[in-house]
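All residue numbers for the sequence shown refer to this note's numbering, where the first residue is 12 and numbers rise by one. For reference, the structure discussed in these notes is given below.
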Amino acid sequence: MSIIGSNNIRSMLGLNVTSKQLDKFEFFENIKSIKNLTTKELKQQNKTFCLLSKYKGYNKEKLEHISRLKANFSNSYWRDKKNLSKAPPTIKLVNNSSKDASEMWLRDPKRNKFSTVEISQKPSDDISTVIQGELTPLIGKGIIDNNGSYDRLPFSISHVQNDAKRQEVCEESTASKPGLVYFTGKNITSAEILPGSPIGQYYHQTQFEDNLNVLEINNGDKGTFGISFDLNNVKEGEPLLICGGALSGCSVVFATKANKLFALHAGQHENEKAVWVTGKKGAESIAKSVALLTNEDPNNIQCTNNQELVNYLSSKFDQSVLVYCGDDIPLTSEHNVKYFDYDSTPENKDPRVGNALALVSKKQGKINVQVLGDDIAVDKNSFEARSLSSAVFSLTPKLEPQSSVTTYL
């Protein structure tokens, strides 16, 4: 299956691809190759290598690695006595320049693949339907991103981070949390792998309003980010949409227990070298994250694969949905657990990506929760998205009598 990813999209755009993101940086020279330059080639090397320290994926460790390459280059250069009068090229770290780089990329018509058509009036019906609590208009529409977010969450949310970096639980709070982004409908746009390369044109062309609240929950670093909150916090006419971004091997769980909704996203970062299988380690990470959110000891949890995760979810929640990459491994269902495999469609020539959404709405005092699992293909030329297969599930919460709930919307 051609699951979408940074390398997949780069291939789709005709860009050179290496197995390491570090070795190829758009607009600039191939840094890895500088160690193999001849003396003649060194004389012709006049450009300064420029790295964007804020560019996505370039953390301190990666920059230090490139600096070591530069140091090796400098040492070998100065050993060549013919060039002692000439200083070697230097690496310049330019802070806060990712915005400029993105804008420069977008000004290039060969790079900018966003459709320039005016915002369509047709999606107005879609918007109204979504606000009423229906996810069907968003089937096959691509992946949601934002062009602006808030520092505070819409209401109090409990949060867990259970990954390679830390194991930490934060009880109910409106403070911003790692792996969690809050924005509203006006800030919705199409997700991009590279600037100007949308995963679907729909969200770029459709203008939602501020009455749609959106929470994006990312995957952990070889682990899980998870949240839980009281469903009574959602206001009538102001639904909450929860999204997991572009899925390319990750697992996402949505579940209800009495008056609470749980959302968890397990996976690993792009280009990760370590062997970490989401269908095994991710299943365990999700189960232990649930234990942490419910004040249980995660060390007592035994969960080694997706089937055991399904069994665990069945015993733990009233209703739950698992959106995952199945890798042709079948699951046995439970009466209160639904699942969607975004890797089950026969091979398709276009790049593909999984999508998981949950929409929480209130109508006449009744809470409704819908979940969408979607296997999406992206056209290589138009960058339009379409659904290869999808499923919409309803999670009917068994609400306890409502107590006084303070909201922050």
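The beta carbon of each residue, even a glycine, is placed where N, CA and C say it ideally should be.
The DSSP assignment places 251-254, 262-268, 271-278 as complete runs of the beta strand (DSSP E) inside the region 243-299, in order along the chain (cut-off: 3 residues). Rounded to whole angstroms, lysine 233 and serine 169 show a C-alpha spacing of 21 Å. Here aspartate 354 carries a coil assignment [DSSP, helix/strand/coil].
Here the region 151-167 makes contact with the region 189-206; the two share three or more CB pairs at distances below 8 Å. Of the candidates Val245, Asp221, Pro189, the residue whose Cα lies closest to the Cα of lysine 377 is Val245.
Distances from the CA of aspartate 162 to each of Leu191, Asp361, Asn282, Asn316 were compared; the closest alpha carbon is that of Leu191.
In this structure, DSSP gives lysine 327 a helical state, which the three-state scheme calls helix. In this structure, DSSP gives leucine 383 an extended state, which the three-state scheme calls strand. In this structure the region 323-330 does not lie against the region 353-364, because fewer than three pairs of beta carbons, one per stretch, are closer than 8 Å. In summary, alanine 396 is buried, with 16 or more beta-carbon neighbours lying within 10 Å of its beta-carbon over all protein chains present. Beta-bridge partners assigned by DSSP to threonine 235: Asn173, Ala277. Look at glycine 196 here: in three-state DSSP terms it is helix. With respect to the 8 Å criterion, cysteine 261 and asparagine 230 are classified as neighbours on the basis of their beta carbons. The Cβ atoms of alanine 402 and phenylalanine 351 sit closer than 8 Å to each other. Assigned with DSSP and collapsed to three states, glutamate 319 falls in helix. Counting every other CB atom within 10 Å of its CB across the protein chains shown gives histidine 346 a total below 16, marking it as exposed.
One alpha carbon belongs to glutamine 143, the other to serine 135, and they sit about 13 Å apart. Here isoleucine 150 carries a coil assignment [DSSP, helix/strand/coil].
Considering only Leu303, Lys409, Asp386, Lys188, the residue with the shortest C-alpha distance to tyrosine 335 is Asp386.
Across the set Thr356, Thr147, Val371, Leu383, the C-alpha of Leu383 shows the shortest separation from the C-alpha of lysine 349.
Its chain contains Ile155, Glu227, Leu368 as the residues whose beta carbon lies nearer than 6 Å to that of cysteine 254, once the 5 sequence neighbours on both sides are disregarded; these appear in chain order. Bounds of the beta strand (DSSP E) holding glutamine 178 are 178-186. The alpha-carbon separation between leucine 251 and valine 141 amounts to approximately 10 Å. Between proline 165 and asparagine 224 the beta-carbon gap is near 5 Å, inside 8 Å, which marks them as a contact. Assigned with DSSP and collapsed to three states, asparagine 222 falls in coil, not helix or strand. With a beta-carbon spacing of about 10 Å, alanine 266 and leucine 304 fall beyond the 8 Å limit used to define contacts. Boundaries of the beta strand (DSSP E) harbouring serine 372: 363-374, taken from the DSSP string.
Annotated three-state conformation of aspartate 137 is helix, per DSSP. Boundaries of the alpha helix (DSSP H) around tyrosine 214: 213-216. One alpha carbon belongs to serine 259, the other to isoleucine 297, and they sit about 17 Å apart. Pairing asparagine 392 with serine 208, the inter-Cα distance amounts to about 10 Å. Sequence-distant Cβ neighbours of lysine 284 in its own chain, meaning closer than 6 Å and more than five residues away, do not exist here. Between phenylalanine 240 and leucine 272 a beta carbon distance of about 6 Å is seen, short of the 8 Å cut, so the two are scored as contacting. When Val171, Ser405, Ile150, Lys188 are compared, the shortest CA-CA separation from alanine 277 is found for Val171. Per DSSP, the continuous beta strand (DSSP E) segment holding serine 405 begins and ends at 396-406.
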